[in-house]
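Q:
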């Protein structure tokens with residue numbers, strides 16, 4: 003290394019040659035990562051090299067569960083018996099409205115109490131509706147946030163606000179910020195993975211976009227089936243062995259090319275990226291195969307029931323990913339706003355809750371029993387809450403409207419204080435009664451739990467140091483240990 | 025930037041300061057001596073003196089940074105400007121550098137201990153702006169002062185100076201004792217300039233012709249030839265489209281199509297190819313269609329509506345938001361974009377508070393915004409991409425016009441009665457029959473509902489209900505449709521309950537056939553029943569629903585194509601004034617950027633940091649003052665596109681430089697302000713800006729000047745390395761090797777295989793998505809499919825600039841190679857290296873398919889002999905013959921010629937331009 007120290011541009015070429023690429027590339031990534039160039043946030047030649055946390059934190063990885071469409075809080079996590087008293091009546095006047103609460107036909111405004119029964123669960127005595135019988139058994143592991151606000155009651159801006167910190171597309175998503183800050187632990191897999199059921203109708207790929215951050219931080223969509231990543235598999239007729247032979251010739255050519263050139267670290271990084279890609283081809287199929295999972299585990303995630311199988315697979319895959327050091331896994335439920343119940347709340351909501359209840363609970367229990375929950379932050383989110391009153395005037399099966407002030411989220415793992423709650427909405431579950439929680443506070447908290455400081459995780463773009471939390475959020479210490 | 029949360033408190037003192045400064049800009053204030061600061065003197069200064077003085081003493085002042093006193097430390101160096109942000113250690117370049125967040129980490133070769141760093145951090149955290157306020161006279165004012173044509177510096181090696189650029193560059197190098205790199209070989213130079221100007225390499229024949237030209241001006245001739253090549257416009261338009269956040273869908277819910285954005289794209293390509301003077305290029309984009317003209321009735325030139333599409337390209341939709349909020353978000357975007365694209369200023373930062381670093385008060389932001397307040401946005405498109413308010417702008421190119429006309433005719437006919445329409449009709453008819461049969465079979469098993477009443481009422485000869493009942497029902501239905509009021513709903517419900525009873529009675533009595541009403545079912549009911557592919561249907565199979573979806577989607581695609589070929593413009597217009605409309609709304613300063621908190625009203629005016637005053641601008645008006653709402657944008661455009669504007673020419677000259685030399689003279693090309701990087705060669709940039717105006721704003725003249733300099737012709741390798749003195753090559757002692765952009769990679773591959781479809785212009789095309797991806801994009805959505813089939817297969821191989829830019833679905837291969845997300849202005853692409861890129865190159869369709877055609881081409885050109893094939897391949901892909909060693913190794917390679925092609929198409933030598 004002496005030579006490299008004297009001539010930083012000479013970099014690690016000798017090492018590359020001696021170790022014969024195929025074996026050495028991964029170590030090369032590590033080695034380059036140790037380079038000061040790579041350890042600075044935003045290093046472009048090795049953007050995903052692991053970097054230390056800025057602040058000490060237990061959580062190393064994050065699983066972010068996103069329910070698209072706006073989950074109705076007063077039918078799931080927020081017990082509002084007061085609604086019974088006003089059933090079928092117009093909403094009493096409420097004060098403090100800064101703008102329209104709902105988007106559609108709020109004219110009718112008839113209060114609909116939750117059609118679902120609530121009961122207390124766990125040592126924390128937490129109220130939950132009957133729609134989450136499984137989650138109820140592990141509710142003491144969760145920390146709830148009530149009355150989170152986003153700045154729009156429209157889906158697209160609210161989705162962007164929740165997932166990128168800004169209401170218009172073009173900003174970096176949470177996962178991108180986290181790999182930008184921390185890199186990722188397994189260089190053979192993407193650092194930021196999206197497990198979805200399709201490209202969502204709202205937001206599209208924009209919700210896992212790198213925005214203004216370097217492209218390496220964009221989320222990689224894993225699909226179901228044998229080719230989970232775009233272009234992962236060799237073309238028909240091409241074997242791994244043949245590809246290796248081609249790769250050897252390519253690297254021989256690249257090596258000669260680099261030898262004649264100064265400042266070759268970017269050239270070497272590109273050579274190394276081919277070796278990682280080559281390995282990914284064998285590593286990723288192993289990752290998505292559940293062959294080695296026991297029947298008990300499959301059952302835990304609900305793979306034995308068609309109703310829970312789809313989301314169960316996503317959750318199990320998420321666990322396999324964090325196990326292998328993927329930094330951020332975003333798990334999307336639905337692609338066409340399934341949780342957007344403007345009508346038939348009583349009929350549709352139980353179906354959706356059933357789809358996710360067992361898988362999510364299975365995930366939490368599985369992580370816990372494997373000792374991974376401490377190191378893994380699990381977040382449940384949606385883009386907004388719903389109104390206590392009806393939104394659909396033409397249906398006999400009522401549903402609820404959008405409510406940008408009523409989002410409920412929960413977290414588990416890391417330094418979350420199990421069984422805690424923060425924030426409270428009024429008796430109608432319409433808007434915050436105490437301390438409102440702007441979504442940026444949730445972002446600040448999430449970064450803090452991952453060992454990142456919102457003010458130090460910045461990227462200079464268009465004349466500003468951009469942050470996930472924009473003007474800065476408050477870390478919600480009430481739900482932290 | 026559209027955040028609406030609480031804002032940090034406004035700093036009144038700072039605002040006052042800006043007002044003060046705005047007047048003082050032309051004459052910078054003399055430096056006020058630094059105040060003493062106990063904490064700095066006791067703890068920080070000794071630390072810096074011990075660790076940094078070998079390079080940053082008052083005498084040495086490397087990179088312009090000295091640790092001599094508080095003022096010099098706070099003021100920072102040449103590259104990062106002000107090194108200390110009071111109270112904000114994490115944002116202070118000084119801290120970022122000693123922590124290694126900005127490279128190179130300081131001190132070079134060592135590092136401060138954690139406790140030393142924390143001493144500095146704590147000092148900054150406690151530092152208040154009052155303590156440094158006296159330094160602010162040293163604010164960064166260069167961007168606001170008009171550039172002057174500096175005298176050419178004297179240099180020792182004057183023989184190296186081929187044109188004035190070289191004198192400026194060489195003088196800096198000589199100052200540092202650095203020698204420029206030797207000239208690149210003609211081969212390298214040719215490849216470089218081909219990629220640079222037209223975005224693809226020379227063919228072996230083109231290269232040969234250049235190498236054989238021994239005339240002294242051979243390179244100049246080559247540059248001219250390439251500037252005349254229409255591929256030049258296609259290459260350079262891409263740089264401009266990055267800046268203007270070009271996209272073809274709105275990026276929000278449903279990602280609705282924007283309209284014929286492609287006409288703006290073609291306008292940019294044509295403007296560049298015809299070397300439209302940059303001042304006119306700017307004027308048309310800001311004010312096209314806003315001029316008064318001299319024609320009868322003062323009709324604006326409709327052709328101006330095409331470039332004015334610039335004002336309509338950003339992501340924006342009607343949504344369900346309040347109108348004021350929407351309009352404000354539109355105005356904010358346009359104001360911000362105009363500031364950063366044309367003026368290189370982050371004016372958008374002054375939306376909620378006075379700019380924290382540059383002399384731009386919030387008031388100036390809204391004064392600038394007022395120029396756009398007469399903008400009228402024609403109603404956006406519906407989901408099929410059809411606008412109820414169409415603006416037709418005839419095609420200027422008559423040949424293209426004829427083609428388009430034929431296409432319009434074709435698609436009209438197909439929509440009317442083409443095979444797709446017939447197939448859909450047939451299917452719907454069959455489904456209708458099936459539905460009726462099923463309903464009849466079900467008979468009266470189910471209880472009657474209001475739906476049955478409506479069905480019975482819709483029959484021509486129904487006998488159950490009286491005319492009065494029928495009319496009453498219609499009246500109540502219409503009333504409720506209109507009001508959506510609960511009481512109207514109730515009235516309708518009540519009537520329907522009554523009518524349902526009557527209907528049931530009629531069936532029981534046998535006065536009406538209980539099955540007859542089903543014959544009145546129409547295709548509307550069929551369409552409602554098939555909606556939602558995943559929703560189970562009682563009447564239709566999954567396959568039937570899927571078939572219906574496919575056919576509807578085909579029709580949808582035809583409708584989109586029809587509207588794309590029609591001569592419609594995506595643009596904005598001007599609100600009509602009295603007596604045709606109410607005139608222009610007043611613009612107010614908005615407190616905290618919140619449209620619900622209007623403050624002081626403002627008139628349109630130019631940034632005070634440049635004009636030195638806050639006076640309203642003199643607006644352009646027509647001779648008879650007939651159109652008082654017109655002319656606002658024109659007034660702004662003329663002020664921006666003027667040689668007197670200190671920023672416009674500099675900013676554009678810098679952008680041109682950036683693309684030739686890899687980075688701008690100001691490395692933050694859309695931010696010339698305090699937070700941006702300092703120019704490496706300010707005198708050179710000033711000289712270029714003045715020259716740009718003198719040459720009648722000719723962009724091509726700028727290309728010629730830069731490309732024919734010796735600075736540009738340097739090799740990427742310099743044996744007399746200056747790596748230690750200038751590791752980032754800021755002083756240009758060699759050519760910066762660079763990775764090709766996504767577009768250049770794809771276009772080159774298509775060019776090698778000979779399969780490029782070089783058609784120019786027209787609606788955008790849809791290269792196929794990677795295998796399996798289309799399923800993911802098909803989710804039932806209002807706009808139909810996200811990705812479309814092409815009109816013909818060759819369209820998939822058009823140049824990359826013609827790829828459809830759907831905001832929610834960038835083409836994965838392009839996105840992985842850093843093609844920007846098209847939502848915000850992108851002034852500089854990042855260049856990342858990831859395994860996903862490698863995967864797409866190893867396994868993706870592009871390399872694998874084109875390699876086969878490239879191999880076939882080579883076989884055809886040089887026959888079956890392997891070494892000849894290899895030599896030809898090297899010539900085509902790398903513009904050089906293989907050396908002996910390479911020829912030997914490649915000849916021994918057991919794989920096919922396809923495999924060899926794949927290897928070369930993946931090589932670093934192709935991806936990195938020397």
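Protein chains in written order, with the working numbering: chain V, 3 to 483; chain U, 25 to 938. Where a beta carbon is used, it is the ideal one built from N, C-alpha and C, also for glycine.
I'd like the ranges of any alpha helix (DSSP H) spanning at least 4 consecutive residues and lying wholly in the region 304 to 339 of chain V.
A: As far as the region 304 to 339 of chain V is concerned, its whole alpha helix (DSSP H) runs of at least 4 residues are 308 to 325.
Q: Might you give, ordered along the chain, the residues of its own chain that have their beta carbon closer than 6 Å to the beta carbon of residue 224 of chain U, omitting 5 neighbours on each side?
A: Hits under 6 Å: 771, 772 and 775.
Q: Tell me the residue span of the beta strand (DSSP E) that contains residue 461 of chain V.
A: It spans 461 to 463 - the beta strand (DSSP E) in which residue 461 of chain V sits, taken as one unbroken run.
Q: Residues of chain V with a CB under 8 Å from the CB of residue 927 of chain U: which are they?
A: Result: 248, 251, 252 and 255.
Q: How many angstroms separate the CA atom of residue 737 of chain U from the CA atom of residue 213 of chain U?
A: Those two C-alpha atoms are separated by around 7 Å.
Q: For the region 164 to 191 of chain V, which segments carrying the beta strand (DSSP E) assignment without a break, of at least 3 residues, lie completely within its bounds, in sequence order?
A: List check, beta strand (DSSP E) in window: nothing returned.
Q: Determine contact between the region 377 to 393 of chain V and the region 57 to 71 of chain V, defined as no fewer than three beta-carbon pairs at a distance below 8 Å.
A: Judged by Cβ distances under 8 Å, the region 377 to 393 of chain V makes contact with the region 57 to 71 of chain V, as three or more pairs qualify.
Q: To the nearest whole angstrom, what separates the beta carbons of residue 274 of chain U and residue 171 of chain U, a pair I think is in contact under 8 Å?
A: Wrong, their Cβ atoms sit about 39 Å apart, outside the cutoff.
Q: Identify, in the order they occur along the chain, each residue of the same chain with its Cβ nearer than 7 Å to the Cβ of residue 281 of chain V, setting aside the five sequence neighbours on each side.
A: Excluding sequence neighbours, residue 281 of chain V sits near 190.
Q: Compare the beta carbon distance of residue 591 of chain U and residue 834 of chain U with 7 Å and say whether it is the shorter of the two.
A: No; because the gap between Cβ atoms is not below 7 Å, this pair is not in contact.
Q: Give me the chain U residues within the contact set of residue 275 of chain V, using Cβ-Cβ distance strictly less than 7 Å, ordered along the chain.
A: Chain U residues near residue 275 of chain V: 857, 858, 859, 861 and 862.
Q: Please specify which runs of the alpha helix (DSSP H), each continuous and at least 4 residues long, are wholly inside the region 223 to 308 of chain U, giving them in chain order.
A: Counting whole runs of 4 or more residues, the region 223 to 308 of chain U contains the alpha helix (DSSP H) stretches 228 to 236, 242 to 252, 255 to 267 and 286 to 297.
Q: Just mark residue 506 of chain U as buried or exposed, buried being the case when its beta carbon has 16 or more other beta carbons within 10 Å.
A: Residue 506 of chain U comes out exposed.
Q: What are the boundary residues of the alpha helix (DSSP H) that residue 563 of chain U is part of?
A: Where residue 563 of chain U is concerned, there is no enclosing alpha helix (DSSP H), given that its DSSP letter is neither H nor E.
Q: Enumerate in chain order the residues of its own chain whose CB-to-CB distance from residue 382 of chain U is below 6 Å, with the five nearest sequence positions on each side excluded.
A: Taken in chain order, the residues that qualify are 697 and 698.
Q: In three-state terms, what does DSSP make of residue 224 of chain V?
A: Reduced to three states, the DSSP call for residue 224 of chain V is strand.
Q: Pull up the CB-CB distance for residue 221 of chain V and residue 337 of chain V, whole angstroms please, since I reckon it's below 8 Å.
A: Wrong, their Cβ atoms sit about 15 Å apart, outside the cutoff.
Q: Closer than 7 Å by C-beta to residue 118 of chain V: which residues in its own chain qualify, once you throw out the five before and the five after it? Chain order, please.
A: Taken in chain order, the residues that qualify are 77, 131, 132 and 133.
Q: What is the DSSP secondary structure of residue 791 of chain U, reduced to helix, strand or coil?
A: Note: residue 791 of chain U maps to coil in three-state DSSP.
Q: For the beta strand (DSSP E) containing residue 76 of chain V, list its first residue and its last residue.
A: First-last for residue 76 of chain V: undefined, no H or E at that position.
Q: I need the straight-line Cα distance from residue 388 of chain U to residue 814 of chain U, nearest angstrom please.
A: Near 47 Å, if we compare the C-alpha coordinates of residue 814 of chain U and residue 388 of chain U.
Q: In three-state terms, what does DSSP make of residue 926 of chain U?
A: Correct three-state label for residue 926 of chain U: helix.
Q: Compare the Cα-Cα distances from residue 156 of chain V to each of U:99, U:349 and U:86 and report the closest residue.
A: Comparing Cα-Cα distances from residue 156 of chain V to each of U:99, U:349 and U:86, the minimum goes to U:349.
Q: Between residue 284 of chain V and chain U, is the shortest Cβ-Cβ distance under 7 Å, so that the two count as touching?
A: So no, residue 284 of chain V is outside the interface.
Q: Answer with yes or no whether the minimum CB distance from residue 553 of chain U to chain V is below 7 Å.
A: Answer no: the Cβ-Cβ gap between residue 553 of chain U and chain V never drops below 7 Å.
Q: Could you tell me whether the region 422 to 435 of chain U touches the region 583 to 590 of chain U, where touching means 3 or more Cβ pairs closer than 8 Å?
A: Because the criterion of three Cβ pairs below 8 Å is met, the region 422 to 435 of chain U and the region 583 to 590 of chain U touch.
Q: Touch check for the region 467 to 478 of chain V and the region 429 to 444 of chain V: three-plus C-beta pairs under 8 Å?
A: At 8 Å Cβ cutoff, the stretches touch.
Q: Using C-beta distances below 6 Å, list every residue in its chain close to residue 16 of chain U, excluding the 5 sequence neighbours before and after it, in chain order.
A: Coverage of chain U is limited to positions 25 through 938, which leaves residue 16 of chain U absent and any answer about it impossible.
Q: Just how far apart, CA to CA, sit residue 150 of chain U and residue 69 of chain U?
A: Rounded to whole angstroms, residue 150 of chain U to residue 69 of chain U spans 15 Å at the Cα level.
Q: Which of the three DSSP states, helix, strand or coil, is assigned to residue 726 of chain U?
A: Reduced to three states, the DSSP call for residue 726 of chain U is helix.
Q: Check this for me: beta carbons of residue 561 of chain U and residue 553 of chain U, under 7 Å apart or not?
A: Cβ distance < 7 Å, so residue 561 of chain U and residue 553 of chain U count as in contact.
Q: Anyone know if the C-beta pair for residue 168 of chain U and residue 670 of chain U falls short of 7 Å?
A: Cβ atoms of residue 168 of chain U and residue 670 of chain U: closer than 7 Å.
Q: Verify the CB distance criterion: does residue 389 of chain V have a CB-CB separation below 7 Å to chain U?
A: False, the Cβ-Cβ gap to chain U never drops below 7 Å.
Q: Using DSSP with H/G/I as helix, E/B as strand and the rest coil, what is residue 914 of chain U?
A: Here residue 914 of chain U sits in helix by DSSP.
Q: Using a beta-carbon distance cut-off of less than 9 Å, what residues from the region 283 to 317 of chain V approach chain U?
A: So the list reads 283, given in the order they occur along the chain.
Q: Could you check whether the Cβ of residue 157 of chain V sits closer than 7 Å to any Cβ belonging to chain U?
A: At least one chain U Cβ lies under 7 Å of residue 157 of chain V.
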